[in-house]
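Everything below concerns the one structure shown next.
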Amino acid sequence: MNKAIQVLIDRGFVKACTDIDALSDLMDKEPVTFYLGTDPTGRSLHIGHMVPFFAMHHLQENGHNPIALVGNGTAMIGDPSGKTELRKMLSQEQIMDNSKHIKEQLSSVVDFSENPKPGMGKAQMKFNGDWLLNLNYIEFLRDIGSQFSVNRMLTFESYKQRLERGLSFIEFNYQLLQSYDYLTLYRNCGARLQIGGDDQWGNIVAGTDLIRRLDGGECYGLTFHLITRADGKKMGKSEQGAVFIDPELYSPYDFYQYWRNVSDDDVIKFMKLFTFMSLDEIADWEKVNINEAKEKLAYEQTRIIHGEEEASKARDAAKAAFSTGGDKSGMPSLEVSADDLKKGIGVIDLFASTALCKTKSEARRLITDGGASLNGEKVQDLELVVDSSFVQDGDIILRAGKKRFFRIVVK
RNA sequence: GGAGAGGUUCCCGAGUGGUCAAAGGGGGCAGACUGUAAAUCUGUUAGCUCAGCUUUCGAAGGUCCGAAUCCUUCUCUCUCCA
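In this note's numbering, the protein residues as written are -19 to 391.
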């Protein structure tokens, strides 16, 4: 088996391949240009999106050339695969704005530099709007549409669910557009492989079929497991919503905490998928205390996404919160002026002004339930007024429940 | 175009004139137990100036002392027919 593919198999990525032996031979023979598409439907990617990009990283490291395709064209349509409902229509401006963010975010995992290190593949980024947005409808139907059998499409697993709940024609076209992407990248960039999550299987196979029919070219598809957590929840979803890559939407501290709190059963699996640690190193972590392994996982993952400095800050802040010592500065915080504090702030207002509680009712409830603490002391009184006398070492530490901390910094 | 069904609080889903801020489940939050894990049990889950008040049941009007529940118009979704 080809080395690059073996890496992906060993790390637990691979779910299915159109022809793994043929693909392996091809990759042994020459560097392969491969692509992965993402539709910019949100302002930020979340960690669930990242699995195939980590795979892309490993393939690049082994000398193959990635194309990150940003679907600013397909984002106008919406992919029905794996979804139960029609995607909300996005405006062109939103999509372009999203695309910009995504480009930056991918750089943490994939090296887009002009001159990558020797032995590494050269990566590029493409936008499918470049060829999709100005398509001529009639021409497209004649050239591409004629190659697709509706009967066959209807048998695809990805449409089954939607056939029951309703599928609009616009989404039914998605597969044709994604196939056309593949065809275009095959023709213009020599792409021979498309990778993606397993929900993309149908779309990917449709693409290889199209290329074979029109150009007689042999191309491949490789899909990865859709990652689920041991508790059955969707990867990348936290209680608050998606775990975004963008630090504005999801702070590095919370990001670190997300990984710090994964289930025992997921730790090793996630190390393989979401870090660049070698398999040998991971095997060593398997032997040590599971809690330390979680810390390592959280640190590594945060380092990759947010950088060394943020990762250390997040780790120190977590230490400060959960044990003693450590630098608290990475903890989510809010500045309050010394004057305001002198006057005193009601506990309810104080909690409600932080990310700990969204509303005053929620703050009231939290205190009533006995889940709120100030500097480690449980808040008993709803009427309590917090003033300067509560300040210790320049700040006040609020806590909701056992593990949500917030720092009030006096200015 | 015709016929029918339906849009309920974060989600699913009850509710057909007052006892409805709305059953039940899921999810979330909190408490107990723990290892910042899982499982389990308990409480809680619209907002606020919180034993009171205000805004919610697709939208806008109307009937009534009183509507999520009745009427009118609009709108969206689904199913069947052409």
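Just so it is clear, CB atoms sit at the ideal spot from N, CA and C, and this is done for glycine as well.
Contact test: residue i Cβ vs the ligand ATP heavy atom, cutoff 7 angstroms
i, result
"Ser88", "The ligand ATP is not part of the structure shown, which contains no ligands of any sort."
Residues near residue i in its chain [Cβ-Cβ closer than 7 angstroms; skip 5 each side]
i, result
"Ala301", "Met311 and Phe385"
"Glu290", "Pro232 and Thr282"
"Thr(-2)", "Val185, Thr188, Tyr200 and Gly201"
"Ser88", "Ile284 and Ile285"
"Lys(-5)", "Asp178, Thr203, Phe204 and His205"
"Asp296", "Gly306, Asp307 and Gly310"
"Met257", "Met251 and Glu280"
"Ala278", "Tyr236, Trp239 and Arg240"
"Leu(-12)", "Val(-6), Ala35 and His38"
Per-residue burial, residue i [other beta carbons within 10 Å of its own, 16 or more giving buried]
i, result
"Leu259", "exposed"
"Tyr117", "exposed"
"Ala210", "exposed"
"Phe149", "exposed"
"Leu86", "buried"
"Ile270", "exposed"
"Lys106", "buried"
"Gly51", "buried"
"Ser138", "buried"
"Gln360", "exposed"
"Val90", "buried"
"Leu321", "buried"
"Glu304", "Just to set this straight, residue 304 is Thr in the shown sequence, not Glu. Exposed, since its Cβ has fewer than 16 Cβ neighbours within 10 Å."
"Asn78", "buried"
Nonlocal neighbours in the same chain, by C-beta distance under 8 angstroms from residue i, ignoring five residues either side
i, result
"Asp375", "Lys308, Ser313, Arg387, Ile388, Val389 and Val390"
Cutoff 6 angstroms; reference residue i; Cβ partners in own chain excluding five residues on either side
i, result
"Tyr401", "A question about residue 401 goes unanswered here, because the residues of the chain that appear run from -19 up to 391."
"Gly324", "Val365 and Asp367"
"Leu190", "Gln127, Ser159 and Leu163"
"Asp226", "Ser24"
"Tyr15", "Ile47, Leu49, Leu165, Ala171 and Gln174"
"Phe224", "Ser24, His26 and Tyr230"
Boundaries (first-last residue) of the alpha helix (DSSP H) holding residue i
i, result
"Ala(-16)", "Lys(-17) to Asp(-10)"
"Leu49", "Leu49 -> not in any alpha helix (DSSP H); beta strand (DSSP E) instead, spanning Asn45 to Val50."
"Val31", "Ile27 to Glu41"
"Leu259", "Leu259 to Lys267"
"Leu134", "Val130 to Thr135"
"Leu121", "Tyr117 to Asp123"
"Phe400", "Residue 400 is absent from the structure shown; the chain starts at -19 and stops at 391."
"Thr188", "Trp181 to Asp195"
"Tyr238", "Pro232 to Arg240"
Boundaries of the beta strand (DSSP E) in which residue i is found, first to last residue
i, result
"Cys169", "Cys169 -> not in any beta strand (DSSP E); alpha helix (DSSP H) instead, spanning Tyr154 to Cys169."
"Gln104", "Gln104 to Phe107"
"Asp375", "Asp375 to Ala380"
"Val390", "Arg384 to Val390"
"Glu315", "Ser313 to Val316"
Residues bridged to residue i (per DSSP)
i, result
"Lys358", "Ser353"
"Gln174", "Tyr15 and Gly201"
"Gln372", "Asp375"
"Ala(-4)", "Thr203"
"Phe302", "DSSP output for Phe302 lists no bridge partner at all."
"Gly287", "According to DSSP, which records beta bridges pairwise, Gly287 is partnered with nothing at all."
"Val366", "Ile325"
Three or more beta-carbon pairs under 8 angstroms between the segment 183 to 198 and the segment 149 to 158, yes or no? yes
Please confirm if the segment 250 to 268 is in contact with the segment 327 to 336, defined as three or more CB-CB distances below 8 angstroms between the two stretches. no
If we count Cβ pairs, one from each stretch, closer than 8 angstroms, do we get three or more for the segment 268 to 280 versus the segment 237 to 247? yes
Would the segment -11 to 2 count as touching the segment 19 to 28 if we require 3 or more Cβ pairs under 8 angstroms? no
Quick one: any contact between the segment 187 to 197 and the segment 224 to 238, if contact means 3 or more CB pairs under 8 angstroms? no
Touch test, the segment 94 to 104 against the segment 53 to 60, Cβ-Cβ under 8 angstroms, three pairs minimum: no
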